[in-house]
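Just so we're aligned: -1 in this note's numbering is position 19 of the sequence shown, and the numbers increase by one with no gaps anywhere. Using N, Cα and C, we set each Cβ at its ideal position, and we do this for glycine too.
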Amino acid sequence: MARPIRIATALIFGIVLTLPLVTHAREARDLEWFDLLPEEDLEAMKKLPETMAELNREQLESGADELTDGVKMPEVLSSTRVRGELEGEYVRIPGFLVPLEHTERGDPFRFFLVPYFGACIHSPPPPPNQIVHVTFSGGLPTDLYAPYNVVGELEIETTENELGLATYTIDADSISEFR
């Protein structure tokens, strides 16, 4: 009879020890991309025309070629302003992965998370405050065409790469398919 009591005691002891882990699990705050923009940038983004031609109508009408003549981009499209109150927030944000660095086996572990497919590969890239630099040691999915949720603590830190500039960073706890 002593053996079942010891087993029951061990089980109860094990449950008691793991309760703090369960009760202290962090709930991630869901973020959308525009949540990363300070109010002034959000308002400026809302006022942007949809196409490059509309954006620089005067320059284009005067004969400028938007592909070769350095057509002026609005300042908000290169903004590095951030929302300081998001520092340290535990968040979940959806986006597309742009690999930056791989392990020796070729698995990406450092990447940019961007709001739309093809960002950073096509020019211009998203504004720096719309790119998140992510590290993740758990291995990444191989389908880089699909959107994913990234969960982790959001920090304000600038990361520069030949593909773009990010003003936020996350050391991801998890990456899962976006649903």
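Please go through the same chain and pick out, in chain order, the residues whose beta-carbon is closer than 6 Å to the beta-carbon of residue i, but skip the five residues on each side of it.
i	result
L57	P107
L16	N109
V2	Residue placement at V2 cannot be trusted, given a pLDDT of 44 that sits under 50; what the coordinates show is reported in the next sentence. The answer is none, since no qualifying residue turns up.
Do you know whose CA, among the options, lies nearest residue i's CA?
i	options	result
V94	S154, L145 and L22	L145
L77	S59, G64, S42 and F116	F116
S156	E135, D123 and K27	D123
Y125	L143, F97 and I111	F97
A8	K26, N36, V131 and E19	V131
E137	L143, E20 and T60	T60
F14	R85, M25 and V71	M25
E140	D153, N129, A152 and I111	I111
L66	L28, S154, E41 and I150	I150
Using 8 Å for Cβ pairs, my map puts residue i next to residue j. What's the rounded Cβ distance?
i	j	result
L11	I73	5 Å
L35	P54	7 Å
G176	Y128	Beyond the ends of the chain as shown, which are -19 and 159, falls residue 176; an answer cannot be given.
Spatial neighbours of residue i within its chain, please: C-beta separation below 8 Å, excluding the five flanking residues on both sides.
i	result
G68	E133, L134 and E135
F89	E81, H82, T83, T115, F116, S117, G119 and L120
V62	L16, P18, N109, I136, T147 and Y148
E20	R61
A5	none
Identify the residues that DSSP records as bridge partners of residue i: which are they?
i	result
G75	Y128
F92	V78 and H113
G144	N141
T149	H113 and E135
E157	Y128
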